[in-house]
Every structure is written in C-alpha cells, then in structure tokens.
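According to UniProt numbering, the sequence shown is numbered sequentially starting from 1. Positions of the beta carbon are idealized from the N, C-alpha and C atoms, including for glycine. Here the structure is laid out as structure tokens; the discussion comes afterwards.
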Amino acid sequence: MAAPRNLMGDNGRLLRDEENGLGEDDSPTGKKPKSERFTLSRWEFVAAIGIFVIFSTGLFCIYLTMPAADYGKLKLPRSVSDLRLLKDHLASYAKDYPAQFMLGYCSVYIFMQTFMIPGTIFLSLLAGALFGVIRGLPLVVFNATAGASCCFFLSKLIGKPIVSWLWNERLRFFQSEIAKRRDKLLNYMLFLRITPTLPNLFINLASPIVDIPFHVFFLATLIGLIPASYIIVRAGLALGDLKSVKDLYDFKTLSVLFLIGFISICPTLLKRKKIYE
Numbered sequence: 001m002a003a004p005r006n007l008m009g010d011n012g013r014l015l016r017d018e019e020n021g022l023g024e025d026d027s028p029t030g031k032k033p034k035s036e037r038f039t040l041s042r043w044e045f046v047a048a049i050g051i052f053v054i055f056s057t058g059l060f061c062i063y064l065t066m067p068a069a070d071y072g073k074l075k076l077p078r079s080v081s082d083l084r085l086l087k088d089h090l091a092s093y094a095k096d097y098p099a100q101f102m103l104g105y106c107s108v109y110i111f112m113q114t115f116m117i118p119g120t121i122f123l124s125l126l127a128g129a130l131f132g133v134i135r136g137l138p139l140v141v142f143n144a145t146a147g148a149s150c151c152f153f154l155s156k157l158i159g160k161p162i163v164s165w166l167w168n169e170r171l172r173f174f175q176s177e178i179a180k181r182r183d184k185l186l187n188y189m190l191f192l193r194i195t196p197t198l199p200n201l202f203i204n205l206a207s208p209i210v211d212i213p214f215h216v217f218f219l220a221t222l223i224g225l226i227p228a229s230y231i232i233v234r235a236g237l238a239l240g241d242l243k244s245v246k247d248l249y250d251f252k253t254l255s256v257l258f259l260i261g262f263i264s265i266c267p268t269l270l271k272r273k274k275i276y277e
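Below, the structure is given as structure tokens:
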C-alpha cells in the first residue's frame with residue numbers, strides 16, 4: 001500500500017501546483033514557463049510557410065527575368081571586404097541594366113527585411129557606393145520602410161508566439177511604455193526609430209502585438225529611418241576606407257542620433273511639464 005500513498009501524494013502536489021499556476025516548467029531546472037515557450041499553432045506554422053513560399057517564388061521569378069550575369073560572384077555580403085567585391089562586380093551591371101538591377105535590389109532588400117534576414121545594412125552601404133546620397137538615400141528609406149511594413153503585417157499574423165518566446169520581458173516593458181504614451185505615440189515611435197534604444201527588428205515584430213496603429217508605425221519608420229540611413233549611405237561613398245560596420249556608429253554619430261531623437265520627443269516632455277504645473 002506504500003506505492004498508492006506515494007502516488008496520491010504526488011498527485012496531490014500536482015493538483016496544488018496546478019491550482020497555484022505552477023507546473024514542471026516552474027521547477028528550479030531553469031526551464032521556461034509554458035507561456036514563454038515557442039508555441040506556434042499548426043495554422044500559424046502553415047501560414048508562415050505559405051507566405052515565405054509566395055515571397056520566395058516571386059523573388060525567383062524576378063531572378064529568371066534578370067539579364068545574364070556571372071551569378072557565381074553574386075552573394076549576400078557578410079563583411080565589408082565581401083561588399084567591396086560585390087560592388088566592383090555590380091557597378092557595370094547596374095549601369096547597363098538600371099531598371100532590372102533596381103527591381104532585383106529592391107526585391108532582395110524587402111525580402112530580407114520581411115523575414116528578418118541579417119545583412120540589409122550591407123545593401124544600404126551598397127546603395128551609397130553605387131548611387132550616391134541623392135539617389136541612394138530615398139532608395140534605402142523606401143526599401144527599409146516597405147520591408148518593415150511587410151514584417152509588421154507578418155508579425156500581426158503569426159508574430160506573438162515568436163516575440164513572447166524571444167523577448168518576453170522586453171515585450172512587457174515595451175507594452176507598458178506604449179500604454180503610457182498613447183497621446184503622443186508618433187513622437188515616441190520616432191524617438192525609437194531614430195535612436196538605437198531598441199533594435200529595429202524588435203520594433204517591427206512587437207509593434208502590432210502592442211496595438212500600435214499601422215499609420216503611426218509607417219510614418220515613424222519612414223521619417224525616423226532617414227538620419228541613420230543617411231549615415232550608412234554616406235559611408236558607402238567611402239567604402240574603401242571602411243573597415244567594419246561597427247565603425248558606422250561611433251560616439252559622435254550616436255550623439256547626433258540621440259540629439260535628433262530627443263528633439264522628436266520634446267512635444268511630449270513639454271506637455272507633461274504643463275500638466276504637472
């Protein structure tokens with residue numbers, strides 16, 4: 001009869017744990033609670049795969065329409081040295097086939113931004129190296145905004161489990177900050193976009209989850225990415241002198257970005273001051 005008593009004792013503890021909201025995941029083993037685990041439903045998984053296949057098919061169709069080239073030299077750059085080689089190879093191609101090159105460039109940029117593939121900063125540098133600031137800056141801002149918007153809607157569809165799994169505590173903090181700034185949400189979003197306070201990837205994914213309206217997200221992205229994009233595109237003009245992407249954000253650059261970001265939230269700070277007075 002000892003075994004049944006142990007079994008009842010274990011079951012009793014399990015029942016008490018369940019009543020208190022505890023379980024195996026709250027044990028001192030370091031496992032995450034079930035609410036923080038990556039739990040993508042079957043429908044969400046199928047939707048994610050379907051969207052990725054649609055985007056990939058479109059990108060492949062664009063690839064088929066591109067003029068012939070030495071595709072063996074075309075690869076996504078992962079370092080500044082890779083980018084220099086790619087720029088040398090694409091300079092004549094972009095000059096001979098400007099429309100086709102622009103279509104391919106925009107498609108790759110938006111695809112990478114939508115599906116959170118690292119490397120868009122190299123494409124921004126490439127735009128500066130090939131087109132200069134006057135043409136390169138609008139091109140980068142357009143692609144970054146379009147890709148971020150696609151990522152916004154993708155996250156609205158399937159992003160909540162992913163963000164909760166990766167950045168649960170940060171998401172809660174972000175949600176509380178947004179709730180406190182609903183009256184001046186555009187100014188706060190501009191501050192986040194201009195300054196490196198939060199990663200752009202997190203902002204793209206978390207914004208629909210914390211109920212930021214798309215028009216606010218779109219305007220903040222379109223305007224807020226201009227300062228940083230200008231710095232990156234301008235650096236692309238001197239690609240030969242650039243050693244690493246880390247050199248883009250020195251103390252002076254970060255100070256300028258935070259100054260611009262502070263200006264963007266001045267209306268919010270002034271309004272709070274008047275309320276307390």
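| Check | Outcome |
| --- | --- |
| Per-residue burial, Lys75 [other beta carbons within 10 Å of its own, 16 or more giving buried] | exposed |
| 8 Å Cβ cutoff met for Pro208 and Lys156 | yes |
| Cα-Cα separation, Val163 to Phe152 | 12 Å |
| Cβ-based neighbour list, Cys61, same chain, cut-off 7 Å, excluding 5 preceding and 5 following | none |
| Beta-carbon gap between Ile212 and Ile178 smaller than 8 Å | yes |
| Contact between the segment 114-124 and the segment 135-148 (3+ Cβ pairs under 8 Å) | yes |
| Same chain only: Cβ atoms within 6 Å of Leu86, ignoring 5 sequence neighbours per side | Pro77 |
| Nearest candidate by alpha-carbon position, reference Ser92, set Phe173, Trp165, Val216 and Ala129 | Ala129 |
| Minimum C-alpha distance to Trp43 - residue among Val256, Ile158, Phe101 and Ala220 | Ile158 |
| Where Lys246 falls: helix, strand or coil (DSSP) | helix |
| Whole beta strand (DSSP E) elements within the UniProt domain "VTT" (117-236), 3-residue minimum | none |
| Span of the alpha helix (DSSP H) around Ile110 | Pro98 to Thr114 |
| Alpha-carbon to alpha-carbon, Phe131 and Leu219 | 25 Å |
| For Pro118 and Gly147, the rounded distance between their alpha carbons | 13 Å |
| Cβ contact (3+ pairs, closer than 8 Å) linking the segment 223-243 and the segment 251-258 | yes |
| is_contact[Val245, chain B] using C-beta, thresh 8 Å | Chain labels in this structure do not include chain B; a single protein chain is all it has. |
| First through last residue of the alpha helix (DSSP H) which encompasses Gly261 | Phe251 to Ser264 |
| Local Cβ density within 10 Å of Phe111, reported as buried at 16 or more and exposed below that | buried |
| Three-way DSSP call (helix, strand, coil) for Ala48 in this model | helix |
| Under the three-state DSSP convention, the category Ala91 falls into | helix |
| Residue environment, Phe191, which counts as buried when at least 16 other CB atoms sit within 10 Å | buried |
| Presumed contact (8 Å Cβ cut-off) between Phe55 and Thr114, rounded CB distance | 7 Å |
| Proximity of Ser264 and Ile203 at Cβ, strictly below 8 Å | no |
| C-alpha distance - Leu252 paired with Pro227, whole-angstrom precision | As written in the sequence, residue 252 is Lys, which differs from the Leu given in the question. Between Lys252 and Pro227, the C-alpha separation is close to 13 Å. |
| Classification of Thr57 by the beta-carbon crowding that lies within 10 angstroms, buried from 16 upward | exposed |
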